[in-house]
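Q:
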Amino acid sequence: MWLRFFGLPLALLAGSVAGAVLILGLLVVLAYPNLPELGALTAYQPKVPLRIYSAEGTLIGEFGEERRAVVSISEVPSQLKNAIIAAEDERFYQHPGIDYIGVLRAAYANLVAGGRRQGASTITMQVARNFFLSSEKTLTRKLYEALLAFKIEHSLSKEQILELYVNQIYLGQRSYGFGAASQMYFGKALDQLNLGEIAMLAGLPKAPSLYNPIANP
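Heads up, the sequence shown is in this note's numbering, so the first residue is 70 and it goes up one at a time.
Below is the structure:
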């Protein structure tokens, strides 16, 4: 009797899960061939503003919609790399583009909080979104973001992915990338930052307009 009482709901649940997995698998098979090529990543050429220098080499003017100072990953201090990963994606070097542990942790935190409070986007997923996708919050966009993250991880090394993130992320005041933000907020190259400045920059991606020291000194 108890077996019949619990058996039917369990069978329905198992059938629902299997159906959802089948539908998701079908969507993946259909969507993956339509993912964009990664040329924008492998041949990264961001917009660079026009800069005017004096005869002594002093910057006297900068013109353009975006502030940029492109850096290689070897120019990023290890303290800043560690701070970025700690703030944005602590399992960056372990996951394949999607952090399943992070997804479960965020889901639990959101359930306890009674609503959406915590995200689970990895650095790789943010690279996919910043280069190829809009910021709309739809299931279709999230699916493409996840698939693109897998594709990026399959095609690029972790250091290449981190370099793209470091140079493309928006950090407030028209500054894209940590090199530009360092110059904008502190007038320094990345290797001249102190620990306090590193901590401030590493926290900017979550809310660049709220946390940057010009908008909120």
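For each residue, glycine too, the CB sits at the ideal point set by N, CA and C.
Would you decide whether residue 191 is buried or exposed? Buried here means 16 or more other CB atoms lie within 10 Å of its CB.
A: buried
Q: For residue 194, tell me which candidate among 204, 166, 137 has the shortest Cα-Cα distance.
A: Looking at the Cα atoms, 166 is the closest of the given residues.
Q: Per DSSP, residue 245 forms a beta bridge with which residues?
A: 137, 239
Q: Tell me which same chain residues have a C-beta within less than 8 angstroms of the C-beta of residue 222, skipping the five on either side of it?
A: Within the same chain, residue 222 has close Cβ partners 165, 166, 193, 230.
Q: Leaving out five residues on either side along the sequence, give the residues of the same chain with a beta carbon under 7 angstroms from the beta carbon of residue 289.
A: There is simply no residue 289 to check, as the chain begins at 70 and stops at 286 in what is shown.
Q: Spatial neighbours of residue 279 within its chain, please: C-beta separation below 8 angstroms, excluding the five flanking residues on both sides.
A: 285
Q: Can you look up residue 90 in the DSSP assignment and give me helix, strand or coil?
A: Per-residue confidence for residue 90 stands at a pLDDT of 46, beneath the threshold of 50, marking its modelled position as unreliable; the derived number appears in the next sentence. Reduced to three states, the DSSP call for residue 90 is helix.
Q: Considering only the alpha carbon of each residue, which of 169, 269, 115 lies closest to residue 199?
A: 115
Q: Quick one: Cα of residue 262 to Cα of residue 215, how far?
A: 34 angstroms
Q: Taking the straight line between their C-alpha atoms, what separation do you get for residue 171 and residue 141?
A: 28 angstroms
Q: Which residues mark the beginning and the end of the alpha helix (DSSP H) in which residue 221 is found?
A: 208-224
Q: On a Cα-Cα basis, can you pick out the residue from 224, 160, 197, 276 that is closest to residue 212?
A: 197
Q: Could you tell me the distance, in whole angstroms, from the CA atom of residue 152 to the CA atom of residue 203?
A: 26 angstroms
Q: Taking residue 236 as the reference, which of 137, 105, 111 has the closest Cα?
A: Ranked by Cα distance from residue 236, the first of 137, 105, 111 is 137.
Q: Please list the terminal residues of the continuous alpha helix (DSSP H) segment that includes residue 167.
A: That residue, residue 167, is in no alpha helix (DSSP H); it is neither H nor E in DSSP.
Q: List the endpoints of the continuous alpha helix (DSSP H) containing residue 274.
A: It is not in any alpha helix (DSSP H) - residue 274 carries neither H nor E in the DSSP assignment.
Q: Within 10 angstroms of its Cβ, does residue 232 collect 16 or more other Cβ (buried), or is it exposed?
A: buried
Q: Look at the alpha carbon of residue 105 and the alpha carbon of residue 220, and state the distance between them as a whole number of angstroms.
A: 10 angstroms
Q: Any heavy atom of the ligand SAM closer than 7 angstroms to the CB of residue 247?
A: Only the bare structure without any ligand can be found here, which leaves the ligand SAM out of the picture.
Q: Assuming residue 273 and residue 241 form a contact by the criterion Cβ under 8 angstroms, report the distance between their Cβ atoms to the nearest whole angstrom.
A: Going by Cβ atoms, the distance from residue 273 to residue 241 rounds to 6 angstroms, so yes, they are a contact pair.
Q: Give a yes or no on whether the C-beta atoms belonging to residue 149 and residue 247 are separated by under 8 angstroms.
A: Between residue 149 and residue 247, the gap from beta carbon to beta carbon is short of 8 angstroms.
Q: Taking all protein chains shown into account, decide if residue 260 is buried (16 or more other Cβ within 10 angstroms of its Cβ) or exposed.
A: exposed
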